[in-house]
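Visitor: Residue numbers (the numbering used here), protein chains in the order written: chain A, 1 to 342; chain B, 1 to 342.
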DNA sequence: TGGTAGTTGAGGTACGTATATCACGTAAAG
DNA sequence: CTTTACGTGATATACGTACCTCAACTACCA
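(1) Using DSSP with H/G/I as helix, E/B as strand and the rest coil, what is residue 4 (chain B)?
(2) Between which two residues does the alpha helix (DSSP H) containing residue 428 (chain A) stretch?
(3) Should residue 208 (chain A) go down as buried or exposed, given a rule of 16 or more other Cβ atoms within 10 Å for buried?
(4) Report yes or no: is there a C-beta of chain B within less than 8 Å of the C-beta of residue 314 (chain A)?
(5) Output needed for residue 241 (chain A): all residues of its chain with C-beta closer than 8 Å, excluding positions within five of it in sequence on either side, in chain order.
(6) Would a check of beta-carbon distances place residue 418 (chain B) closer than 8 Å to chain A?
(7) Straight-line CA distance for residue 107 (chain A) to residue 132 (chain A)?
(8) Taking Cβ positions, are residue 193 (chain B) and residue 127 (chain B) nearer each other than 8 Å?
(9) Since residue 49 (chain A) contacts residue 13 (chain A) with CB under 8 Å, what's their CB separation in whole angstroms?
(10) If contact is defined by three or more beta carbon pairs under 8 Å, each pair taking one atom from either stretch, is the segment 54-66 of chain B in contact with the segment 276-288 of chain B?
(11) Taking 6 Å as the limit between beta carbons, can you name the residues of its chain near residue 261 (chain B), skipping five residues before and five after?
(12) Below 8 Å on the Cβ atoms is my guess for residue 124 (chain A) versus residue 103 (chain A); work out the distance and round it to an integer in Å.
(13) Among residues of its own chain, excluding the 5 on either side of residue 256 (chain B), which ones have a beta-carbon nearer than 6 Å to its beta-carbon?
(14) With a CB to CB cut of under 7 Å and the five nearest residues on each side skipped, what residues in its chain are close to residue 155 (chain A)?
(15) Check whether chain B comes within 8 Å of residue 225 (chain A), counting only Cβ atoms and requiring the distance to be less than that.
(16) Could you name the residues of the segment 51-70 of chain A whose beta carbon sits closer than 9 Å to any beta carbon of chain B, in the order they occur along the chain?
(17) Taking all protein chains shown into account, do 16 or more other C-beta atoms lie within 10 angstroms of the C-beta of residue 17 (chain A), making it buried, or fewer, making it exposed?
(18) Please classify residue 417 (chain B) as buried or exposed, where buried requires at least 16 neighbouring CB atoms within 10 angstroms.
(19) Tell me whether residue 59 (chain B) sits in a helix, a strand or coil according to DSSP, three-state version.
(20) Which residues, in order along the segment 157-189 of chain B, keep a beta-carbon less than 7 Å from a beta-carbon of chain A?
(21) Which residues does DSSP list as the beta-bridge partners of residue 222 (chain A)?
(22) Candidates B:41, B:229, B:62: which alpha carbon is nearest residue 259 (chain B)'s?
(23) Going along chain A, which residues have a C-beta under 9 Å from residue 328 (chain B)?
(24) Which whole-angstrom value describes the C-beta separation of residue 150 (chain A) and residue 135 (chain A), a residue pair presumed to lie in contact below a C-beta threshold of 8 Å?
(25) Let me know the secondary structure DSSP gives residue 144 (chain B) once reduced to three states.
(26) When DSSP builds the beta bridges, which residues end up paired with residue 163 (chain B)?
(27) Assuming residue 305 (chain B) and residue 328 (chain A) form a contact by the criterion Cβ under 8 Å, report the distance between their Cβ atoms to the nearest whole angstrom.
(28) Taking the beta carbon of residue 301 (chain A) as the centre, do at least 16 other beta carbons fall within 10 Å, making it buried, or is it exposed?
(29) For a contact defined as C-beta to C-beta under 7 Å, what are the partners of residue 325 (chain B) on chain A?
(30) Would you please state the rounded distance, in angstroms, between the beta carbons of residue 94 (chain B) and residue 62 (chain B)? I believe it to be under 8 Å.
(31) Mind checking whether residue 253 (chain B) and residue 291 (chain B) have CB atoms under 8 Å apart?
(32) Determine the direct distance from the alpha carbon of residue 190 (chain B) to that of residue 244 (chain B), and round the result to whole angstroms.
(33) Taking Cβ positions, are residue 324 (chain A) and residue 314 (chain A) nearer each other than 8 Å?
(34) I need the straight-line Cα distance from residue 117 (chain B) to residue 281 (chain B), nearest angstrom please.
(35) Using 8 Å for Cβ pairs, my map puts residue 213 (chain A) next to residue 181 (chain A). What's the rounded Cβ distance?
This is the structure in structure tokens:
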């Protein structure tokens with residue numbers, strides 16, 4: 001015979017179907033002793049609830065909200081596209097997802113959106129935003145209302161989020177460091193580090209990892225202080241030009257954050273792009289082209305498709321109270337060169 | 001209202017439930033005109049069959065067979081472990097998989113096993129084996145019996161297989177080449193290329209990709225003819241020792257196939273392992289340790305977990321006649337360094 | 001006219017689970 | 001002794017689909 005059903009449990013435990021149901025769904029009105037009898041039967045027969053039949057019966061729908069920064073970042077756009085695609089392909093999985101766009105540089109707006117989420121109309125929330133104390137509080141509130149919360153790309157530790165879907169920024173920084181050091185080939189000189197803002201936890205951690213490897217393994221290369229572009233193309237042009245004026249032996253550039261379009265333009269106008277080792281984060285249309293043209297040497301990437309599907313799977317598992325298949329949910333730090341472009 | 005059901009289709013098309021059922025399941029006894037009416041209704045309402053309800057009703061079980069080489073390869077062992085784990089985690093997905101072990105170096109045995117597969121007790125087959133004309137024929141036979149067939153890791157082109165789950169060997173070879181060239185840092189010298197056998201299509205293609213990049217981009221490095229170990233540790237020791245005697249400027253070693261344990265041992269006994277750039281394929285317990293110890297510089301990997309889950313998803317989709325979500329099924333060429341070890 | 005084949009409808013049962021209602025105990029409280 | 005609350009069983013309906021049977025209708029041919 002196939003998998004045991006609730007009927008088998010009822011027979012094995014010597015109780016009625018109704019009681020099995022009460023126990024399995026943690027409904028009240030069952031003596032502790034009876035509960036145990038049923039649970040033993042479940043154990044003995046190795047019963048596993050058929051989630052799909054259950055969802056069919058209860059007309060379950062998984063209603064998720066994705067809170068994403070609204071802005072010019074190609075990475076977020078790529079992520080959104082992957083999300084739309086995944087939702088489309090998941091027809092039949094009873095998943096619906098709404099996207100809540102949040103002005104990327106307004107910390108208060110994030111909190112407003114989070115607080116405005118209709119907890120009773122949702123079954124889970126995924127959040128991509130920098131960590132602030134207010135966000136932590138808002139997440140805690142969502143958790144209080146019984147909603148599973150997943151942090152996306154940027155972790156929200158000590159906020160009570162159920163899960164983090166993303167890569168370890170410190171390791172990502174180390175990986176970038178090794179590529180920079182080895183591709184620079186024992187030459188000595190300076191490396192530029194550029195990001196939009198060092199207020200983001202990711203940037204800080206990447207920088208730490210990068211510095212650690214450079215100091216350990218490539219002491220002949222000196223890593224310059226982080227330049228912050230503040231997402232401003234003009235400012236980017238200026239600080240890059242200035243950096244090239246004041247450093248004679250520039251070997252490479254490490255771009256830790258978004259804003260690769262502006263950065264690449266600034267680098268192009270120096271006329272020295274081809275000689276530099278450039279390592280950037282996130283595979284987007286622009287970094288892809290730059291890789292193909294040999295302008296960027298390596299991209300450290302987290303696969304957006306994997307991020308999206310992992311977030312959806314984890315949220316579902318949290319809703320169902322089922323186990324997470326850890327091996328599948330670990331997001332890899334992809335190293336993308338021209339040769340292994342997906 | 002939620003997703004349309006067969007009832008909605010029946011109403012929309014002005015026919016009975018039975019007729020909708022006949023059309024949807026391609027049963028005979030429906031006028032062409034009526035078929036069209038129903039299909040139009042399906043189109044208009046955007047009906048998608050609820051696969052899980054359908055599987056529930058028809059008591060479907062997906063019975064797959066995995067034909068895998070039986071042998072000492074750590075890669076295959078890792079793959080098997082991932083398969084077992086995935087099957088365990090898929091309880092509730094109505095999937096069962098049997099593993100058919102085949103002596104790895106007996107081409108006839110593969111064919112015997114394939115021919116002995118009980119087509120009527122199976123819903124799909126995944127095959128990991130080198131390509132031979134006999135295998136092609138056996139696959140064609142399986143297809144004739146109506147079974148979906150997926151080629152794993154090593155493609156079986158022109159065999160009629162439904163899908164290939166694995167990476168492009170040529171691109172993988174190119175990727176290895178770039179890493180070798182760049183990590184060798186403009187020094188000139190020779191690179192050893194080692195595999196167990198150049199009869200395998202993978203090895204040939206990897207070699208082609210590797211050579212192409214080396215010739216294009218690193219002409220100062222000369223790539224030596226492929227050494228074949230034939231899975232024999234003693235032979236491996238001998239040919240490696242001989243290669244070190246006759247080449248004075250060895251810069252690196254590219255290991256294209258399995259047998260990394262024996263190769264690493266042979267390299268260790270030369271005492272020059274630390275100075276070499278070593279690029280190998282497949283992340284296994286031994287290559288992982290060698291990466292950590294700095295003996296191997298880079299591993300080109302195809303994630304076994306992804307391979308397994310992709311094969312299962314594709315086989316299921318083929319059984320259901322549903323679309324494949326291409327973006328999800330593209331296996332990435334992973335570059336694994338010590339710093340981004342998963 | 002009757003026969004036959006092709007087409008359609010009506011309705012049922014089943015899959016495994018959720019959920020509701022009602023009835024029947026038993027034991028404690030009044 | 002009655003009342004009440006609690007624990008349990010019996011039974012039904014539903015979810016969306018598959019698959020079966022039986023009846024009925026149409027069209028065509030002999």
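Glycine included, every Cβ here is placed at the ideal spot set by N, Cα and C.
Guide: According to the data block:
(1) Translated into positions along the second chain, residue 4 (chain B) becomes position 4. In the structure shown, residue 4 (chain B) sits in coil (DSSP, three-state: anything other than H, G, I, E or B).
(2) Past the boundaries of the shown model lies residue 428 (chain A); chain A is included only from 1 to 342, so the question cannot be answered.
(3) Along the first chain, read from residue 1 onward, the residue named residue 208 (chain A) stands at position 208. Exposed: under 16 other Cβ atoms inside 10 Å.
(4) For the purposes of this step, residue 314 (chain A) is identified with residue 314 of the first chain, where counting begins at 1. Taking Cβ atoms only, chain B never reaches closer than 8 Å to residue 314 (chain A), which makes this a no.
(5) For the purposes of this step, residue 241 (chain A) is taken as the residue at position 241 of the first chain. 266, 269, 270.
(6) Residue 418 (chain B) is absent from the structure shown; chain B starts at 1 and stops at 342.
(7) In the first chain, the residue the question calls residue 107 (chain A) occupies position 107. In the first chain, the residue the question calls residue 132 (chain A) occupies position 132. Roughly 8 Å between the two C-alpha positions.
(8) Here the question's residue 193 (chain B) lines up with position 193 in the second chain. Here the question's residue 127 (chain B) lines up with position 127 in the second chain. Contact: no.
(9) Reading the first chain from its first residue, position 49 is the one you call residue 49 (chain A). Reading the first chain from its first residue, position 13 is the one you call residue 13 (chain A). In fact, because the Cβ distance is near 15 Å, the residues do not count as touching under 8 Å.
(10) no
(11) The count along the second chain starts at 1 and reaches residue 261 (chain B) at position 261. The residues are 286.
(12) Within the first chain, numbered from 1, the residue matching residue 124 (chain A) stands at position 124. Within the first chain, numbered from 1, the residue matching residue 103 (chain A) stands at position 103. Contact flag wrong, Cβ pair sits at about 23 Å.
(13) If you number the second chain from 1, residue 256 (chain B) lands on position 256. 195, 203, 206.
(14) Along the first chain, one-based indexing puts residue 155 (chain A) at 155. 164, 166, listed in sequence order.
(15) Position 225 of the first chain holds residue 225 (chain A). With 8 Å as the cut-off, residue 225 (chain A) does not count as an interface residue toward chain B.
(16) 51, 52, 53, 55, 56, 59, 61
(17) On the first chain, position 17 is the one that residue 17 (chain A) refers to. Result: exposed.
(18) Residue 417 (chain B) is absent from the structure shown; chain B starts at 1 and stops at 342.
(19) The count along the second chain starts at 1 and reaches residue 59 (chain B) at position 59. In this structure, residue 59 (chain B) counts as coil in the three-state DSSP scheme.
(20) 171, 174, 175, 178, 182, 183, 185, 186
(21) On the first chain, residue 222 (chain A) is found 222 positions in, with the first residue counted as 1. Note: residue 222 (chain A) sits in a beta bridge opposite A:190.
(22) Residue 259 (chain B) sits at position 259 when you count from the first residue of the second chain. If we check each option's Cα against that of residue 259 (chain B), B:229 comes out closest.
(23) The residue you call residue 328 (chain B) lines up with position 328 of the second chain. Result: 86, 89, 305, 306, 309.
(24) On the first chain, residue 150 (chain A) is found 150 positions in, with the first residue counted as 1. On the first chain, residue 135 (chain A) is found 135 positions in, with the first residue counted as 1. Actually they are not in contact, since the Cβ atoms of residue 150 (chain A) and residue 135 (chain A) sit about 14 Å apart, beyond 8 Å.
(25) The residue labelled residue 144 (chain B) in the question sits at position 144 within the second chain. Looking at residue 144 (chain B) - three-state DSSP - the assignment turns out to be helix.
(26) The count along the second chain starts at 1 and reaches residue 163 (chain B) at position 163. Residue 163 (chain B) pairs with B:150.
(27) The count along the second chain starts at 1 and reaches residue 305 (chain B) at position 305. The count along the first chain starts at 1 and reaches residue 328 (chain A) at position 328. Their Cβ separation, rounded to whole angstroms, is 6 Å, which keeps residue 305 (chain B) and residue 328 (chain A) in contact under 8 Å.
(28) On the first chain, position 301 is the one that residue 301 (chain A) refers to. With 16 or more other Cβ atoms within 10 Å, it is buried.
(29) Residue numbering aside, residue 325 (chain B) sits at position 325 when the second chain is read from its first letter. Near residue 325 (chain B) (Cβ distances below 7 Å), the residues of chain A are 89.
(30) Stepping through the second chain from its first residue, residue 94 (chain B) is reached at position 94. Stepping through the second chain from its first residue, residue 62 (chain B) is reached at position 62. Going by Cβ atoms, the distance from residue 94 (chain B) to residue 62 (chain B) rounds to 6 Å, so yes, they are a contact pair.
(31) Position 253 of the second chain, counting from 1, holds the residue named residue 253 (chain B). Position 291 of the second chain, counting from 1, holds the residue named residue 291 (chain B). For residue 253 (chain B) and residue 291 (chain B), no; Cβs fall outside 8 Å.
(32) Reading the second chain from its first residue, position 244 is the one you call residue 244 (chain B). Reading the second chain from its first residue, position 190 is the one you call residue 190 (chain B). Cα to Cα, residue 244 (chain B) sits roughly 10 Å from residue 190 (chain B).
(33) For the purposes of this step, residue 324 (chain A) is taken as the residue at position 324 of the first chain. For the purposes of this step, residue 314 (chain A) is taken as the residue at position 314 of the first chain. Contact flag set, yes.
(34) Start at 1 with the first residue of the second chain, and residue 117 (chain B) comes out as number 117. Start at 1 with the first residue of the second chain, and residue 281 (chain B) comes out as number 281. Cα to Cα, the separation comes out at about 31 Å.
(35) Here residue 213 (chain A) corresponds to residue number 213 of the first chain, with the count starting at 1. Here residue 181 (chain A) corresponds to residue number 181 of the first chain, with the count starting at 1. With a Cβ gap of about 7 Å, residue 213 (chain A) and residue 181 (chain A) count as contacting.
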